[in-house]
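Asks: Numbering (my numbering), first residue to last: 2 to 106.
(1) In its own chain, which residues sit with a C-beta less than 8 Å from the C-beta of residue 60, not counting the 5 before and 5 after it?
(2) For residue 106, collect the residues of the same chain with a Cβ closer than 7 Å to its Cβ; drop the 5 residues on either side in sequence, then sort them by chain order.
(3) Going by the CB atoms, is the gap between residue 55 and residue 27 shorter than 8 Å?
(4) So is residue 4 buried or exposed if we call it buried at 16+ other beta carbons inside 10 Å?
(5) Between residue 63 and residue 39, which are expected to be in contact by the criterion C-beta below 8 Å, what is the C-beta distance as a whole number of angstroms?
(6) Where residue 10 and residue 37 are concerned, what is the direct C-alpha to C-alpha distance, given to the nearest angstrom?
(7) Are the beta-carbon atoms of residue 51 and residue 24 separated by less than 8 Å?
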């Protein structure tokens with residue numbers, strides 16, 4: 002009969018593993034909430050608490066999205082102004098300025 006070598010077993014940190022799983026779950030939940038509503042400050046705070054690197058990335062993406070939306074709003078306002086001022090029709094390009102058309106042989 003052989004003896005069991007108990008020295009190969011390492012101590013297991015059950016509490017640490019449970020805490021890591023809790024943080025990971027909370028982080029995933031916060032990222033999901035931020036994906037649905039980028040202005041959710043509670044989700045951002047929870048993400049900073051559990052995963053600060055991901056929180057910084059999400060906050061940066063939120064700022065970039067907000068800037069893009071502001072730019073799109075400004076462009077739409079410019080388009081509306083120009084259309085109301087000068088009309089919505091597009092003038093045809095004179096033949097002299099038109100790009101050359103390739104002919105098939």
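Even glycine gets a Cβ: it sits at the ideal position worked out from N, Cα and C.
Keep in mind it's a predicted model, so treat the numbers as computed, not measured.
Replies: Result, derived from the coordinates:
(1) 45
(2) Low local confidence applies: a pLDDT of 49 at residue 106 is under 50, so the model's placement there is unreliable, with the coordinate-based value given in what follows. Correct list: empty, nothing qualifies.
(3) no
(4) exposed
(5) 4 Å
(6) 45 Å
(7) yes
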